[in-house]
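Residue numbers (our numbering), protein chains in the order written: chain A, 2 to 244; chain B, 158 to 693; chain C, 15 to 178.
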């Protein structure tokens, strides 16, 4: 006779995404399940391996029977859920959110080092964003090139805080944070001092790799040359977990 | 300690003032102090303190616009309305003192038979303007801390939750979430570290109810929090209060100190097994910190930015522990509910909104100040009868409720009874209870722009729809208000309203479009006039 | 390995650091008491500068960027020294309806400063607040901590002219 299975705390649930059946552990979020199964829910702040921020609102999805939208990155799956990830309503909202992001800073793809390798640009293309209906703010932001290896261009920052989180949670330095409030928010290093003068920065470059746009880049790159490499993040997360 | 001991204590405290026949009460809440109550109090104390007459600093009497207010009350007749004086100056002190027990000073008199006073029903404000907020004994003599002792010695935590559930009380901070349900969720979480928080970050412009309660009757809040802590199994509490309210901070700090000294706060309260400690945490000027997850972030010493819910604070709140958050007025209702019973409370108000509500009347209205009326009182009664209507022969145009999350209602809606659900159906919310009355000279487009400017500069900057959306909506409103807008601008504004409402992370963003949507619903012609003016 | 950090010495001999230290000690030098500590610095010195922020960061063992982020999030904290007198114009709804805009314009005309600015002679800082809760006295201003109700531009300017 086999030994009785030990009691388990983890339950598996079944649910639907866009009309197809899936199953997952109940502690998984909608976006995790979707990414595992190749369902493209857009997001700019969510990144596997970092804590959930829930701020870009691009990953909002609809649940059958509920007028409220939920963030796929912050919502766990549950038995019987019917999730819709790409309705006309969601597409409309996503396009508007992307317009707001473009108008908020000075995003000009044709002169950006990340042209062609930018997550914001890719989403804009996917949602058919051919023009921006709201006026650009046209506030000139500085470019800090004081660091010998990297550069931060606030004109291209979307305040996703991936750099803040990777620096704090993975590298453990907490060089980055956000200052100010509302539209005046800006990412900073240490006491809002030039990056090159930072006492806490280890120059590991993780922030550059996780940045979805051309805001954080390597020095010496030219238009379209800055590609990002995210493979280290799941790798480190797994190593940490195994310990 | 048992209830009998409490009765004895209260009797003792009352005996200390035996022989006092008259009390001269001077309102020393912030508003009257601003109008010059301090010199009045000094002058009255100097000339009037005697065995048969006592001059006493008290909290808010309600009619703030007529301050400084002074009331002369006959101690033997607590049910009779005291003689009330308005706009009192220090020079009036001798006349007032000479009149005690004789004919009132007619030239200073403020009639108390007007609806502003007679139409109110005071539960939350029962002690306001009567007891000395800094006096522990005064609170106990008025029946204070009886409910706590009753809960601790005669009720189980589950029974306390049941009583609150039975009362039908709903959160007074704005959302109207059933208080009993919130309590039972926290109570049902496994035993361990839990927290109780009092949200005293009254941020809605035009709302000053919580301030008045904190300044007039701070022990009542502590008592409500202690009962809540007992009910849900917490032993640590925080009062998160705006730094803009220094007097309220001082009074609640004094109350905590005195309650501790008397054994009603701290270890083994009133010789029972229950321990509860309260600390004050100051805000630092961020409206968004009224949102519960942002408030908790602020207590943790972080930027006051909300986080996605669920998990709700009841499950994972302060530092991840189960946390009960209620606002000031909600806690103020607890002691009376325990003392008088949930059924008593449930008899007051409407079908789905029980009890009374404190409203702050401001704007162009004759009687500016605080009132407490049963839920279900009509807007017309509140504004025209109790508030005395619009001064200066102007016509009423709109009433704004719910602050930046609420909306504007026109004259045609004045006959609706005010409760959580009726207001929501009309496109506004009860909010914390601020009511701004506007006359015909106010432009609704300007009002909408004012609130959008507020939301834009109070947006924490975390989520994109609120951070960038309120900015663009404000830009469009400004353009329309300045008669430079087009029909496309208005259409885009409406589209953004829908998007920001549906996609924002927290309540601030989700409700930021409300002032625009409600003015568009009831005053659309004003927007169209501005558009037409642009084409000329 | 010794990870325990010693508490840093105050930046200078100024006695006011004792008040700041007392506030931090009261909270056991816990990181979550950051806002309390910043209040203590601002109460003692009138504003927050890089020296005091660094001192607080080191004392509470918090990253500098986090301390700066918190200090700039809350509108009550100021990183610039204020003038000798502070005039806070309430811009809450009731005050707005009753003419807070006129008060701001009056002060601007009278002293040439807009909210957030200080006069060149350091005499007066003008600020705005989101409702000081004195709606019954609208429009209201808070001058050096005292609420002045039912103001008019002329009365306010006259009052400000009387300041030292």
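Think of the CB as a built atom: it goes at the ideal place given N, C-alpha and C, for glycine as much as any other residue.
Item	Value
Neighbour-count burial assignment, residue 15 of chain C, 16 or more Cβ in a 10 Å radius	Since pLDDT at residue 15 of chain C reaches only 49, below the 50 mark, its modelled position is unreliable, and no value is offered.
Chain B residues whose Cβ lies nearer than 7 Å to that of residue 30 of chain A	The contacting residues do not exist; residue 30 of chain A stays about 11 Å from chain B at best.
Spatial distance of residue 543 of chain B from residue 591 of chain B (CA atoms)	15 Å
Identified DSSP bridge partners for residue 108 of chain C	Answer is none; residue 108 of chain C lacks a bridge partner.
Where residue 86 of chain A sits in the DSSP three-state scheme	coil
Identity of the residue in B:659, B:481 and B:683 nearest residue 396 of chain B by Cα	B:481
is_contact[residue 615 of chain B, chain A] using C-beta, thresh 9 Å	yes
Residues of its chain near residue 179 of chain B, where Cβ-Cβ distance is below 8 Å and the 5 sequence neighbours each way are ignored	209, 210, 211, 229, 230, 231, 232, 257 and 258
Range of the contiguous alpha helix (DSSP H) that encloses residue 195 of chain B	194–205
6 Å CB neighbourhood of residue 151 of chain C in its chain, flanking five on each side removed	163 and 164
Selected residue, minimal CA-CA separation from residue 288 of chain B, among B:171, B:248, B:382 and B:192	B:171
Spatial neighbours of residue 618 of chain B in its chain, beta-carbon cut-off 6 Å, leaving aside the 5 residues before and after	624
Proximity to residue 155 of chain C [Cα-Cα], best of C:178, C:115 and C:126	C:115
Cβ pair residue 51 of chain C, residue 79 of chain C closer than 9 Å	no
Extent of the continuous alpha helix (DSSP H) run through residue 179 of chain B	Run containing residue 179 of chain B: none in the alpha helix (DSSP H); it sits in the beta strand (DSSP E), 179–184.
Best match in B:475, B:187, B:561 and B:631 for proximity to residue 159 of chain C [C-alpha to C-alpha]	B:187
Reduced DSSP secondary structure (H/G/I, E/B, other) of residue 23 of chain A	strand
Segment contact flag, the segment 156–170 of chain A with the segment 204–215 of chain A, C-beta cutoff 8 Å, min 3 pairs	yes
Below-9 Å beta-carbon distance, residue 477 of chain B vs any chain C residue	no
Interface residues of chain B facing residue 1 of chain A [CB-CB closer than 9 Å]	No information on residue 1 of chain A is available, as it lies outside the stretch 2 to 244 that chain A covers here.
Residue 590 of chain B at chain C interface by Cβ criterion, 9 Å	no
Under 7 Å from the C-beta of residue 72 of chain A: neighbouring residues of chain B	465
Bridge-paired residues (DSSP) for residue 355 of chain B	B:396 and B:483
Buried or exposed (CB count within 10 angstroms, at least 16 for buried), residue 29 of chain C	exposed
Inter-residue Cα distance where the pair is residue 230 of chain A and residue 148 of chain A	20 Å
Residue 531 of chain B: first and last residue of the uninterrupted beta strand (DSSP E) it sits in	526–531
Buried or exposed by the 16-neighbour rule on C-beta atoms within 10 Å, applied to residue 166 of chain C	exposed
Segments of 4+ residues assigned as alpha helix (DSSP H) that fall wholly inside the segment 652–679 of chain B	664–668
Cβ pair count under 8 Å reaching 3, the segment 363–372 of chain B against the segment 513–526 of chain B	yes
Distance CB(residue 242 of chain A)-CB(residue 188 of chain A) smaller than 9 Å	no
Endpoints, alpha helix (DSSP H) assigned at residue 80 of chain C	78–87
Anticipated Cβ contact below 8 Å, residue 196 of chain A with residue 145 of chain A, distance rounded	5 Å
Distance between beta carbons of residue 61 of chain A and residue 101 of chain A, contact taken as under 8 Å	Contact flag wrong, Cβ pair sits at about 14 Å.
Contained beta strand (DSSP E) runs [length at least 3] in the segment 534–575 of chain B, N- to C-terminal order	553–558 and 564–567
Interface residues of chain C facing residue 177 of chain A [CB-CB closer than 8 Å]	79
Counterpart residues of residue 335 of chain B in DSSP-defined beta bridges	B:327
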